[in-house]
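>
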Amino acid sequence: MPKRIIIIAVIAIALALAAIFTSGFGLWSGDDGQAEFYGNVDIREVDLAFEQSGRITEMNFDEGERVEKGAVMAIIDQQSLGDDLRAAQARLTSARAQLVKSRNGNRPQEIGAAAAQVDQARAQLKQARAAWERRRDLVASGAVSRAQFEQSREAYEVAQAAVSNASQRLSLLRAGSRREDIAANAAAVAQAEADVAQARTRLSEGQLVAPSGGIILSRVQEPGAIVSPGATIYTLTIDKPVYIRAYAPETQLGLLTPGSKVTVRTDSSDKIYHGTIGYVSPSAEFTPKTVQTEDLRADLVYRFRVVVKDPDNALRQGQPVTLTLARAKDQSQAPNE
1253 MPKRIIIIAV
1263 IAIALALAAI
1273 FTSGFGLWSG
1283 DDGQAEFYGN
1293 VDIREVDLAF
1303 EQSGRITEMN
1313 FDEGERVEKG
1323 AVMAIIDQQS
1333 LGDDLRAAQA
1343 RLTSARAQLV
1353 KSRNGNRPQE
1363 IGAAAAQVDQ
1373 ARAQLKQARA
1383 AWERRRDLVA
1393 SGAVSRAQFE
1403 QSREAYEVAQ
1413 AAVSNASQRL
1423 SLLRAGSRRE
1433 DIAANAAAVA
1443 QAEADVAQAR
1453 TRLSEGQLVA
1463 PSGGIILSRV
1473 QEPGAIVSPG
1483 ATIYTLTIDK
1493 PVYIRAYAPE
1503 TQLGLLTPGS
1513 KVTVRTDSSD
1523 KIYHGTIGYV
1533 SPSAEFTPKT
1543 VQTEDLRADL
1553 VYRFRVVVKD
1563 PDNALRQGQP
1573 VTLTLARAKD
1583 QSQAPNE
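For the sequence shown, the positions run 1253 to 1589 when this note's numbering is used.
Structure below.
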């Protein structure tokens, strides 16, 4: 019996030692069930530029200053842009007036004047006809020469044409503008409105506006410089959100799940930041050209990104950080934010 107890005790001690050296046969780890990864702060940068050429009149920020979204950072000369806008507005006013005129038709005074011309032409026609008929009766007896008769006939025909012309003009005035003319004037108004909108857009593009909040990394130009479209004026770092770019070996790839919570520590501070995994690359990086053995497959590295929820100015571009990822059981117990 004592020998059996001794054997059982030896086996128990061996199992305990094995559990210690194998981290509980894989059921726990010696680092409190956490995995660590290493990465760098990845702050996005954007080069800001005007969309058109011009001479810079104002530069409102210096390097290192913080700007808020919508802040006017620089301005180019507004005089020529304002002149273009005023000219476009004048053309729009003229086009609108022409459209109103065509839609309203002619004024009563114009129609009345045309009617009076018709009456006058008819009176002249009556006189010409009477003269022509009188000479027609006299030309046979020789009392009126043939030339005088032909002259009166021509005057009568001219008077007829004058009545027809005056009547047609009166009819046009009463009918008003043609639908085609109204449509053409409406199209001219639409074109003028587009020109005004375009001029306003060019005028607004004369101001360089911050697309988001951030810190001025570099100030490239100065007032007085003439710049072309796309030429960099400022370089802005976008400090929210702040990303961490990190890498994990293939053996730990199963620990990385989008939405998992991580803590972030830097070498220069004791402050702990909090974040979540937002992206895991589907492909390996720094992979050997030929992957044939188990050992080489273990060396595969996958990039993943962490979104920091509580960044501050202490996190700088390229700064090395240490990421601590809780195991699955800790993730399930983590409180919801």
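Backbone N, C-alpha and C define an ideal beta-carbon position, used for all residues, glycine too.
1. I'd like to check one pair, E1317 with I1468: are the Cβ atoms closer than 8 Å?
2. Measure the alpha-carbon distance for S1332 versus G1306 and round it to whole angstroms.
3. Three-state secondary structure (DSSP) at E1320?
4. With which residues is S1354 paired in a DSSP beta bridge?
5. State the DSSP-derived secondary structure class of E1288, mapped to helix, strand or coil.
6. So, is G1511 buried or exposed, given that buried needs 16 or more other C-beta atoms within 10 angstroms?
7. Rounded to whole angstroms, what is the Cα-Cα separation between G1458 and S1480?
8. For the beta strand (DSSP E) that D1491 lies in, which residues bound it at each end?
9. To the nearest angstrom, how far is the alpha carbon of T1453 from that of D1336?
10. If we count the other Cβ atoms within 10 Å of its Cβ and call it buried at 16 or more, is Q1544 buried or exposed?
11. Does the distance from the CB of A1591 to the CB of F1556 come in under 8 Å?
12. Only counting the same chain, and skipping five residues up and downstream in sequence, which positions put a Cβ closer than 8 Å to that of Q1569?
13. What do you get for S1404, buried or exposed, if any count of 16 or more other CB atoms within 10 angstroms of its CB means buried?
14. Can you give, in chain order, each stretch of the beta strand (DSSP E) that sits fully within the region 1344 to 1414 and has at least 3 residues?
15. Alpha carbon to alpha carbon, how far is A1413 from G1364?
16. Taking D1591 as the reference, which of V1352, S1520, E1288 has the closest Cα?
17. Quick check on this structure: which residue in Y1486, A1500, S1520 has the alpha carbon closest to the alpha carbon of A1323?
18. When DSSP labels each residue in this structure, what does Q1459 get in the three-state scheme?
19. Which value, in whole angstroms, describes the spacing of the CA atoms of Q1369 and V1391?
20. Alpha carbons only, please: which of F1313, V1532, V1494, Q1286 is nearest the one belonging to E1502?
21. Report the rounded CA-to-CA distance for E1409 versus A1435, giving the unit in angstroms.
22. Alpha carbon to alpha carbon, what distance is there between A1536 and L1577?
23. Hey, out of R1374, V1494, S1520, whose CA is closest to G1466's CA?
24. Quick check on A1342: buried or exposed, where buried means 16 or more other Cβ atoms within 10 Å of its Cβ?
25. Tell me the residue span of the beta strand (DSSP E) that contains V1472.
26. Let me know if G1282 comes out buried or exposed under the rule of 16 or more other beta-carbons within 10 Å of its beta-carbon.
27. Over the uninterrupted beta strand (DSSP E) stretch that includes T1518, give me the two end residues.
28. How many Å lie between K1321 and S1464 at the Cα?
29. On the three-state DSSP scale, how would you describe L1337?
30. Should R1387 go down as buried or exposed, given a rule of 16 or more other Cβ atoms within 10 Å for buried?
The relevant details are as follows:
1. Locating residue 1468 in the sequence shown gives position 216, where the first residue counts as 1. Locating residue 1317 in the sequence shown gives position 65, where the first residue counts as 1. Going by C-beta atoms, I1468 is nearer than 8 Å to E1317.
2. Translated into the one-based positions of the sequence shown, residue 1332 becomes position 80. Translated into the one-based positions of the sequence shown, residue 1306 becomes position 54. Cα to Cα, the separation comes out at about 9 Å.
3. Locating residue 1320 in the sequence shown gives position 68, where the first residue counts as 1. Coil, per DSSP.
4. Residue 1354 sits at position 102 when you count from the first residue of the sequence shown. DSSP lists no partner for S1354.
5. Mapped onto the sequence shown, residue 1288 falls at position 36. E1288: strand per DSSP, three-state reduction.
6. Reading the sequence shown from its first residue, position 259 is the one you call residue 1511. By the neighbour-count rule (16 or more Cβ atoms within 10 Å), G1511 is not buried but exposed.
7. Position 206 of the sequence shown holds residue 1458. Position 228 of the sequence shown holds residue 1480. In a straight line, the C-alpha of G1458 is about 12 Å away from that of S1480.
8. The residue labelled residue 1491 in the question sits at position 239 within the sequence shown. Element bounds for D1491: 1484 to 1501.
9. For the purposes of this step, residue 1453 is taken as the residue at position 201 of the sequence shown. For the purposes of this step, residue 1336 is taken as the residue at position 84 of the sequence shown. Whole-angstrom Cα-Cα distance: 11 Å.
10. Counting from one through the sequence shown, the residue named residue 1544 turns up at place 292. In this prediction, Q1544 scores a pLDDT of 40, lower than 50, which makes its location untrustworthy; the coordinate-derived value is nonetheless stated afterwards. Under this definition Q1544 is an exposed residue.
11. Lying outside 1253 to 1589, the shown extent of the chain, residue 1591 is not represented and no answer is given.
12. Numbered from its first residue, the sequence shown carries residue 1569 at position 317. Excluding positions up to five away in sequence, the list reads V1293, D1294, I1295, E1297, T1489.
13. For the purposes of this step, residue 1404 is identified with residue 152 of the sequence shown, where counting begins at 1. Result: buried.
14. none
15. For the purposes of this step, residue 1413 is taken as residue 161 along the sequence shown, with counting starting at 1. For the purposes of this step, residue 1364 is taken as residue 112 along the sequence shown, with counting starting at 1. If I take the Cα positions, the gap works out to 20 Å.
16. Outside the modelled stretch of the chain, which goes from 1253 to 1589, sits residue 1591, for which no answer is possible.
17. The sequence position of residue 1323 within the sequence shown is 71, counting from 1. Answer by Cα proximity: Y1486.
18. Working through the sequence shown from its first residue, we reach residue 1459 at position 207. In the structure shown, Q1459 sits in a strand (DSSP, three-state: E or B).
19. The residue you call residue 1369 lines up with position 117 of the sequence shown. The residue you call residue 1391 lines up with position 139 of the sequence shown. Roughly 32 Å separates the two Cα atoms.
20. Here residue 1502 is taken as the residue at index 250 of the sequence shown, counted from 1. Nearest C-alpha to E1502: V1532.
21. The sequence position of residue 1409 within the sequence shown is 157, counting from 1. The sequence position of residue 1435 within the sequence shown is 183, counting from 1. One C-alpha to the other measures close to 39 Å.
22. For the purposes of this step, residue 1577 is taken as the residue at position 325 of the sequence shown. For the purposes of this step, residue 1536 is taken as the residue at position 284 of the sequence shown. Cα-Cα distance, rounded: 20 Å.
23. Counting from one through the sequence shown, the residue named residue 1466 turns up at place 214. It is V1494 whose Cα lies nearest to the Cα of G1466.
24. Along the sequence shown, read from residue 1 onward, the residue named residue 1342 stands at position 90. Label assigned to A1342: exposed.
25. For the purposes of this step, residue 1472 is taken as residue 220 along the sequence shown, with counting starting at 1. Looking at the DSSP string, V1472 is not in any beta strand (DSSP E), and its letter there is neither H nor E.
26. By 1-based counting over the sequence shown, the position of residue 1282 is 30. Here the model assigns G1282 a pLDDT of 40, short of 50, so the residue's position is not dependable, and the following value carries that caveat. With fewer than 16 Cβ atoms within 10 Å of its Cβ, G1282 is classed as exposed.
27. Locating residue 1518 in the sequence shown gives position 266, where the first residue counts as 1. Note, T1518: beta strand (DSSP E), 1513 to 1518.
28. Along the sequence shown, read from residue 1 onward, the residue named residue 1321 stands at position 69. Along the sequence shown, read from residue 1 onward, the residue named residue 1464 stands at position 212. So the alpha carbons of these two residues sit roughly 4 Å apart.
29. Here residue 1337 corresponds to residue number 85 of the sequence shown, with the count starting at 1. Note: L1337 maps to helix in three-state DSSP.
30. Counting from 1 along the sequence shown, the entry for residue 1387 is found at position 135. R1387 should be labelled buried.
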